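This report concerns only the one structure given below.
Residue numbers (this note's numbering), protein chains in the order written: chain H, 6 to 449; chain A, 308 to 757.
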């Protein structure tokens with residue numbers, strides 16, 4: 006459809022990426038204590054951090070496992086990309102949590118914090134004397150979220166969950182893959198990321214409620230249940246038919262046509278469910294009879310019809326380029342898009358203009374170009390300030406600024422082994438080898 | 308409830324009992340709701356991103372008014388094989404929870420005016436039209452915010468509201484498949500190119516089986532709306548929450564973007580492998596598929612010992628070899644040669660007994676892939692009320708996934724009703740918010756506005 010130029014102009018002004026840092030942050034003043042490792046918990050906190058929350062991350066002496074999990078064992082300037090992806094804008098503490106003095110320090114921070122997040126074994130924090138009961142006593146407004154595969158109680162509480170386990174136990178991978186082939190795991194740790202997102206949603210609900218009433222609360226969130234929640238019509242279908250939902254490749258069983266097709270130069274995703282949209286597609290294909298026969302969306306959903314229609318489209322796209330199909334889609338009102346790769350997005354002016362991909366100059370790692378979490382808020386946009394950090398990088402800053410600790414007190418905590426920094430013999434704990442010992446330090 | 312079922316396999320039983328008391332599903336309706344001071348207009352059309360966003364808000368207590376065109380939202384017709392329950396398909400019944408359903412023809416002047424009056428009272432408007440559609444009709448953000456500066460306006464659209472691609476392709480409708488295609492994850496999901504045993508026709512990008520594009524879009528929209536709402540509670544200011552679902556996927560595409568920045572290389576489709584942890588994969592067994600892991604050196608040694616394949620350990624001695632995509636198909640097939648001799652339960656026993664050995668070299672984890680039929684029968688999900696079962700007065704027996712926010716101790720998420728017929732709440736909502744009573748409503752009906 007024809008766009009109103011003035012609406013576009015208005016949006017371009019509202020969303021000028023040059024003004025990102027001149028706008029307020031929605032979660033400014035929200036302090037989050039993150040006792041998390043691997044992907045899920047840190048991701049939940051990362052979402053909040055890019056919208057302005059002050060996230061203080063606690064790591065044990067070995068370091069977050071993601072310091073060692075990275076594609077092809079590839080490290081960059083001593084940094085593990087696996088750690089980088091779920092840790093931005095955070096403050097990094099190395100502290101041995103299961104220690105009476107550490108507990109005292111942590112509780113002092115809780116007094117001045119808004120949210121505590123953990124993805125340890127259920128009950129681990131309670132065993133350390135850091136249960137919600139104890140936190141609430143010193144800060145009635147505190148919001149504590151615990152996330153694990155199966156939650157804090159119930160027959161399966163305590164079972165270990167990984168992303169791949171959650172994808173399978175929640176039945177996502179069993180419904181993903183081609184009809185006559187086996188189940189396929191997502192190319193990414195999707196059960197971690199989407200569960201982290203819903204954790205952030207529930208924290209936002211609790212923060213909104215606290216804004217109304219002053220009351221905090223405890224949240225128990227389950228990773229596997231979250232996967233179950235996201236599986237659209239799977240459960241009602243199983244209930245109604247007594248059968249499992251079948252794998253169907255890229256074909257959508259509830260929308261027809263909606264599939265991925267081969268063009269002469271690549272792949273194109275096409276969908277056209279509404280009558281007008283399907284009419285446009287049939288027009289593009291030059292097949293008026295196909296439209297006459299199947300104008301009714303409900304007719305198209307019948308299995309046999311769907312297979313015929315998809316086959317006809319595949320035969321048509323084979324002689325077209327992806328760009329041609331996309332252009333026809335726009336002209337005639339059906340959906341058509343190429344499959345974007347990381348480099349497509351990285352180099353796309355569209356995503357730069359929207360602030361989806363942001364460039365920043367990191368004090369440790371230099372020039373970075375990365376995605377910044379959506380959605381795009383016009384008044385209070387998300388932003389990238391800095392990347393992941395070496396272990397214990399911000400000990401002095403946090404203990405001095407928030408707790409007023411003297412240099413000597415910090416030193417003695419270090420000597421007692423309660424707080425610590427990167428181990429120089431483990432590269433992925435450390436700053437880049439050319440680090441000047443000052444850049445990026447917040448109280449140097 | 309039986310204490311044993313509450314503490315399950317908990318390491319800290321007292322904690323499990325405490326957590327159960329704090330988040331007991333039986334108490335949900337005795338507790339307050341987090342967002343019950345909010346009014347949300349969901350004017351989405353043909354989009355489960357919009358519907359999932361408003362489902363989340365409604366589970367948390369917001370009053371959600373679904374504004375459909377007089378014939379009903381086409382999303383009602385999106386259902387596997389066309390299966391319908393009365394006027395709605397299975398997907399719609401799943402995401403219509405707690406929402407009031409009104410009809411309105413906003414293409415008419417009268418209808419647009421009613422929409423405007425309704426939106427003036429709302430905290431949030433969600434819409435999924437093509438960019439600029441409502442603006443052209445005088446009921447977009449620019450016009451609505453004049454009367455209601457606190458309005459949070461959330462348009463959801465595959466290309467977003469602005470940007471080069473939105474300008475170029477802004478006349479395309481929004482679908483899950485195009486959201487997934489633009490979300491980068493699809494480019495790295497699917498059967499691996501490097502496995503010679505995979506037939507060429509399967510070597511193509513693969514979507515997630517569910518509507519991952521739409522659901523991710525909806526969840527990010529809800530997150531953005533609640534973040535904006537938090538800002539509004541402090542400043543009174545509203546804003547635009549421009550949600551493009553593919554951005555919600557590409558933002559969670561692991562390290563593909565970082566890896567590209569750092570190495571200028573792309574990552575290939577991983578199949579069931581993983582280029583950062585492997586073996587960490589699904590493998591065939593006698594009765595289906597099972598997850599298996601043995602990544603670190605000690606764990607890999609343990610796995611090779613269980614399979615009695617010491618030469619495999621020697622062939623791929625460090626993670627460098629095991630993370631090499633050229634080697635992974637072979638490792639995968641070697642493991643499958645072992646696992647396909649057993650059923651998933653037998654494997655669990657074989658590995659379980661190895662794990663009890665004092666001389667074990669490391670940890671190996673297995674777990675069978677659950678089918679949907681199995682999931683719905685599990686005691687754990689029954690106890691946690693993961694599914695909501697009801698005999699709806701209109702739709703009959705319904706079984707859908709419950710709110711996943713049930714275990715918020717103070718403001719648990721909940722389902723109150725599952726769905727409403729097209730226009731079923733016209734009387735109540737128009738009377739409540741606009742003072743339109745029976746007579747006037749009948750006039751609007753005759754004029755085809757509602």
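Cβ coordinates follow ideal geometry from the N, Cα and C atoms, glycine included. Small disclaimer: the values here were computed from a predicted structure and weren't measured.
Opposite residue i in the DSSP bridges: which residues?
i	result
residue 265 of chain H	H:274
residue 364 of chain H	H:374
residue 364 of chain A	Answer is none; residue 364 of chain A lacks a bridge partner.
residue 702 of chain A	In DSSP, residue 702 of chain A forms no bridge with anything.
residue 675 of chain A	A:597
residue 381 of chain H	A:549
residue 431 of chain A	A:347 and A:459
residue 440 of chain H	In the DSSP output, where bridge partners are listed per residue, residue 440 of chain H has none listed.
residue 52 of chain H	Bridge partners of residue 52 of chain H: none, in fact.
residue 697 of chain A	A:705
Taking the continuous alpha helix (DSSP H) assigned at residue i, which residues delimit it?
i	result
residue 138 of chain H	137–143
residue 547 of chain A	No alpha helix (DSSP H) contains residue 547 of chain A, which is instead part of the beta strand (DSSP E) from 546–549.
residue 198 of chain H	195–218
residue 324 of chain A	320–329
residue 313 of chain A	310–314
residue 688 of chain A	686–690
residue 468 of chain A	Segment: none, residue 468 of chain A is in no alpha helix (DSSP H) and carries neither H nor E.
residue 653 of chain A	651–662
residue 435 of chain H	No alpha helix (DSSP H) holds residue 435 of chain H; DSSP gives it neither H nor E.
residue 315 of chain H	308–322
For the beta strand (DSSP E) containing residue i, list its first residue and its last residue.
i	result
residue 36 of chain H	36–40
residue 340 of chain H	340–343
residue 227 of chain H	222–227
residue 592 of chain A	587–592
residue 373 of chain A	370–375
residue 461 of chain A	459–462
residue 346 of chain A	346–349
residue 739 of chain A	Counting along the chain, residue 739 of chain A falls outside any beta strand (DSSP E), though it belongs to the alpha helix (DSSP H) covering 733–741.
residue 99 of chain H	95–99
Below 7 Å between beta carbons is the criterion; list the residues of the region 359–386 of chain A that meet it against any residue of chain H, in chain order. 363, 367, 381, 384, 385 and 386
Cβ contact (3+ pairs, closer than 8 Å) linking the region 415–429 of chain A and the region 283–293 of chain H: The answer is no - the region 283–293 of chain H does not touch the region 415–429 of chain A, with fewer than three Cβ pairs under 8 Å.
Mind listing which residues of the region 157–185 of chain H have their C-beta closer than 8 Å to chain A's C-betas, in chain order? 157, 158, 159, 160, 161, 162, 163, 164, 165, 167, 169, 170, 173, 174, 175, 176, 177, 178, 179, 180, 181, 182 and 183
Residues in the region 662–677 of chain A having any Cβ partner in chain H nearer than 9 Å: 672, 674, 675, 676 and 677
Pairing CB atoms from the region 274–283 of chain H with CB atoms from the region 294–311 of chain H, are three or more of them under 8 Å? yes
Any contact between the region 20–40 of chain H and the region 73–80 of chain H? By contact I mean 3 or more CB pairs, one from each, below 8 Å. no
Could you pull out every unbroken beta strand (DSSP E) segment of at least 3 residues lying fully inside the region 110–173 of chain H, listed in chain order? 120–123 and 148–153
Which ranges would you report for the beta strand (DSSP E) in the region 470–522 of chain A if only whole runs of at least 3 residues count? Runs of the beta strand (DSSP E) spanning 3 or more residues and lying entirely within the region 470–522 of chain A do not occur at all.
On the three-pair Cβ rule with 8 Å, is the region 604–621 of chain A touching the region 224–240 of chain H? no
Relative to chain A, which residues along the region 68–92 of chain H have a C-beta separation below 8 Å, given in chain order? 74, 75, 76, 77, 78, 79, 81, 86, 87, 89 and 90
If you pair each beta-carbon of the region 592–601 of chain A with each one of the region 101–109 of chain H, do three or more pairs fall below 8 Å? no
Going residue by residue through the region 597–641 of chain A, where are the continuous alpha helix (DSSP H) segments of at least 4 residues, counting only ones entirely within it? 604–614, 617–622 and 626–629
Which ranges would you report for the alpha helix (DSSP H) in the region 703–729 of chain A if only whole runs of at least 4 residues count? none
At which residue ranges does the region 56–89 of chain H contain complete alpha helix (DSSP H) runs of 4 or more residues, listed in the order of the chain? 86–89
Mind the definition here: the region 524–533 of chain A touches the region 348–356 of chain A only if three or more C-beta pairs lie below 8 Å; say whether that holds. yes
Threshold first: 3 residues or longer. Then list the beta strand (DSSP E) segments lying entirely within the region 367–427 of chain A, N to C. Within the region 367–427 of chain A, the complete beta strand (DSSP E) runs of at least 3 residues are 370–375 and 406–410.
Please list the residues of the region 570–589 of chain A that have a C-beta atom closer than 8 Å to any C-beta atom in chain H, keeping them in chain order. 570, 573, 574, 576, 577, 578, 579, 581, 582, 583, 584, 587, 588 and 589
Does the region 666–683 of chain A come into contact with the region 210–217 of chain H, if we say contact requires no fewer than three beta-carbon pairs (one atom in each stretch) closer than 8 Å? Under the three-pair Cβ rule at 8 Å, the region 666–683 of chain A does not count as touching the region 210–217 of chain H.
Chain H contacts made by the region 490–518 of chain A, where a contact means CB separation under 8 Å: 490, 491, 492, 493, 494, 495, 496, 497, 498, 509, 511, 512, 513, 514, 515, 516, 517 and 518
Residues in the region 28–55 of chain H with C-beta within 8 Å of chain A's C-beta atoms, listed in sequence order? Only 29, 31, 32, 48 and 52 from the region 28–55 of chain H bring a Cβ to less than 8 Å from some Cβ of chain A.
Scan the region 216–229 of chain H for residues whose Cβ lies nearer than 9 Å to a Cβ of chain A and list them as they occur along the chain. 216, 217, 218, 220, 221, 222, 223, 224, 225, 226, 227 and 229
Pairing CB atoms from the region 325–342 of chain H with CB atoms from the region 269–280 of chain H, are three or more of them under 8 Å? yes
With a cut-off of 8 Å, do at least 3 Cβ pairs link the region 425–440 of chain A to the region 450–460 of chain A? yes
For the 8 Å Cβ check, are there 3 or more pairs between the region 135–154 of chain H and the region 106–118 of chain H? Inter-segment contact for the region 135–154 of chain H and the region 106–118 of chain H is present: three or more beta-carbon pairs are separated by less than 8 Å.
Check whether the region 47–60 of chain H touches the region 345–359 of chain H, taking contact to mean three or more Cβ pairs, one atom from each stretch, closer than 8 Å. no
Any residues in the region 341–366 of chain H with a beta carbon nearer than 7 Å to a beta carbon of chain A? Which ones, in chain order? Contacts with chain A (Cβ-Cβ distance below 7 Å) from the region 341–366 of chain H involve 341, 342, 343, 344, 345, 346, 347, 348, 350, 351, 354, 355, 358, 359 and 361, listed in chain order.
Are at least three pairs of beta-carbons, each pair with one atom in the region 488–501 of chain A and one in the region 360–373 of chain A, less than 8 Å apart? no
Flag this pair as touching only if the region 468–477 of chain A and the region 242–254 of chain H have three or more C-beta atom pairs under 8 Å; answer yes or no. no
Residues in the region 441–464 of chain A with C-beta within 8 Å of chain H's C-beta atoms, listed in sequence order? 442, 443, 447, 449 and 461
Under 8 Å: do the region 314–321 of chain A and the region 397–409 of chain H share three or more Cβ pairs, one atom per stretch? no
Any C-beta of chain H within less than 7 Å: which residues of the region 322–345 of chain A qualify? 322, 323, 326, 327, 329, 330, 341, 342 and 344
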